[in-house]
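No gaps in the numbering here: position 320 of the sequence shown is 419 in the working numbering, and each next residue is one more. All C-beta atoms in this analysis are idealised placements derived from N, C-alpha and C, irrespective of residue type, glycine included. Source: prediction; values computed, not measured. See below for the structure under consideration.
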Amino acid sequence: MRVLILNGPNLNLLGSREPEVYGTTTLADLEAQISAWAEPIGVVVTFHQANHEGDMVEAIQQGAGLDGIVINPGALTHTSRSIGDAILSVGVPTVEVHISNVKQRESWRAESLVAEAAVRTIYGRGFSGYRDALRHLVNREAVPIRTLRYGPHADNVADLRLVSDGANGLVILVHGGFWLREWERDTMETLAVDLTGKGYATLNVEYRRLGEGGGWPGSGHDVLTVLDFVDQVPELSMMSRAMIGHSAGGYLALWASNRQRARSVGLTVGLAAVTDLESLARSDRAGSAQARELLDSGAPEQVDAGPAKTLLVHGEDDDLVPRSHSIRLGAAAEVEVVPGLGHFEMLDPLGEHWPPVVNALSAVFS
Ligand code: CA2
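Now the structure itself:
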């Protein structure tokens, strides 16, 4: 897969100014890092940086025929119509990336005139946004998605991946990220692609997060709504179902699987699931402020295993969500603590935690 990495105005200054916003890595360091991310996932990258709008447009036009573009348009994001037009005219799937959290800075940075032309926008994840953009391009080429809308909010969408000859069942995926806006469903896609290769249809759910109608109860209700929605989609309504949630998405999946409407879910899997909001809120860990915000809105202090079979898989070395979150449910759920794995390794189907999940799926779907 051939992908152009296009950086816009002032990104040549990376590492030299404003380190508190953009870090100390130079553009050359970043490009070397992107090459290192690209190679193992089969992507051949080329790089271009431009300080002028017309140069950006020309670089996009010259990218016609490539398999993807990853673009950080710099401040042109907020002013340029011609960049969006160029992306649409070449028809190359393009992911928009911002290093900083543009939704939490000056209000003019929150608006993008490029976003409509892009297949995805990734922001606020630092340099790893470029890695995630490449991974998204690879995953959407591997198994195409159909994005379904299940509610009125921009985030009430879910990506459906079908299998060609009759699915063994439907796996509903709920991503994590401590209910923060910058973490989205793309984080679950490598698992989704692996599952479609194993004969399962997947529905990768987006939901409202904090600051945009989510948190509690919005995020929980969105996941519940998806379960109702699946009943209304003819291709999906007859399929057996399982739900897999990672991290904060594990909390939502467990909560939803305890609700009446989740009776149709035969298996709930928590990958490094948050199950004890109260202890997270009391800690000084990442996510503690968000946990407090959810508790203040009336979210349950703890979530427990529901009526369905429940499997909780946790990396022994997880220093974001400690394994005690899974172990505390040991009487009601099957718990696997996997040595040598941390929090994000749960999202990689090559990890040793994954075969037990796949086995549990095939047991419940057979
Ligand atoms: O967060 C991002 O990646 C941005 O696209 C960066 C743009 C900014 O205008 C966007 O709102 C968000 C600006 C890049 C400026 O880069 C500098 C890097 C180092 C020193 C000074 C500027």
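Alpha-carbon spacing of V457 relative to H424, whole angstroms = 22 Å
message = Quick check on DSSP: helix, strand or coil for F146?
response = strand
request  = Could you spell out the range, first to last residue, of the alpha helix (DSSP H) harbouring H320?
outcome  = 317-331
task = Pull up the distance between the alpha-carbon of T324 and that of N357, whole angstroms please.
result = 14 Å
task = Please report the residue range of the beta strand (DSSP E) in which A257 lies.
result = 256-260
Burial state of M337 (16 or more Cβ within 10 Å) = exposed
request  = Quick one: measure Cβ to Cβ for M287 and L446, integer angstroms, because I've assumed they're closer than 8 Å.
outcome  = 7 Å
request  = Check whether the Cβ of I198 lies closer than 6 Å to any heavy atom of the ligand GTP, and answer yes or no.
outcome  = Here the bound small molecules are the ligand CA2; the ligand GTP is not part of this structure.
ask   = Straight-line CA distance for R224 to T374?
value = 25 Å
ask   = T176 by DSSP, collapsed to three states: which one?
value = helix
request  = Tell me whether the beta-carbon of V196 lies closer than 7 Å to the beta-carbon of V144.
outcome  = no
task = Can you check DSSP and say which residues form a bridge with I170?
result = L105, E195
ask   = When you compare only the Cα positions, how much space is there between G228 and R234?
value = 10 Å
task = Check N267 in the structure and name its three-state DSSP category.
result = coil
task = Would you mind working out which of I244, S263, A266 sits nearest V70, comparing C-alpha positions?
result = This structure cannot speak to residue 70, because the chain is shown only from 100 to 465.
inquiry  = Give me the residue from A209, G162, L247 with the minimum Cα distance to E334.
reply    = L247
task = Classify S382 as buried or exposed, calling it buried when 16 or more other Cβ atoms lie within 10 Å of its own Cβ.
result = exposed
task = Measure how close the beta-carbons of A347 and G275 come, nearest whole angstrom, since I'm counting them as under 8 Å.
result = 5 Å
request  = Confirm, please, whether the CB-CB distance from R239 to L212 is below 7 Å.
outcome  = no
query = Looking at G349 and G365, is the spacing between their C-beta atoms short of 7 Å?
reply = no
request  = Measure from the alpha carbon of I426 to the alpha carbon of each residue in L394, A372, G397, I271, then state which is nearest.
outcome  = A372
task = Using DSSP bridges, identify the partner residues of N458.
result = N458 pairs with nothing; no bridge assigned.
Proximity test, N150 beta-carbon vs the ligand CA2 heavy atom, cut-off 6 Å = no
Length at least 4, wholly inside the region 284-317: the alpha helix (DSSP H) runs in chain order = 288-296
Beta-carbon proximity list for G310, same chain, < 7 Å, skipping 5 on both sides = R280
Rounded distance between the beta-carbons of A174 and V156, thought under 8 Å = About 16 Å separates the two Cβ atoms, so there is no contact after all.
task = Would you kindly report the start and end of the unbroken beta strand (DSSP E) that includes L247?
result = 245-248
request  = Less than 8 Å between the CB atoms is what I'm expecting for G314 and S387, so what's the real figure, rounded?
outcome  = That belief does not hold up - the Cβ atoms of G314 and S387 are roughly 14 Å apart, past 8 Å.
inquiry  = Assuming R340 is part of the alpha helix (DSSP H), what are its boundary residues?
reply    = R340 -> not in any alpha helix (DSSP H); beta strand (DSSP E) instead, spanning 340-345.
request  = Return the Cβ separation of T125 and G114 in integer angstroms, given the expectation that the two are a contact with Cβ distance under 8 Å.
outcome  = 4 Å
ask   = When we look at the beta-carbon of P172 and count the other beta-carbons within 10 Å, is it buried (16 or more) or exposed?
value = buried
key: Closest residue to N150 among P139, L110, E130 (Cα-Cα distance)   = L110
request  = Confirm the yes/no value for this check: CB of G314, any heavy atom of the ligand CA2, distance under 6 Å.
outcome  = no
request  = Report the residue from P316, G250, E451 whose alpha carbon sits nearest the alpha carbon of V329.
outcome  = G250
request  = Along the alpha helix (DSSP H) that carries L393, what are the first and last residues, could you check?
outcome  = 387-395
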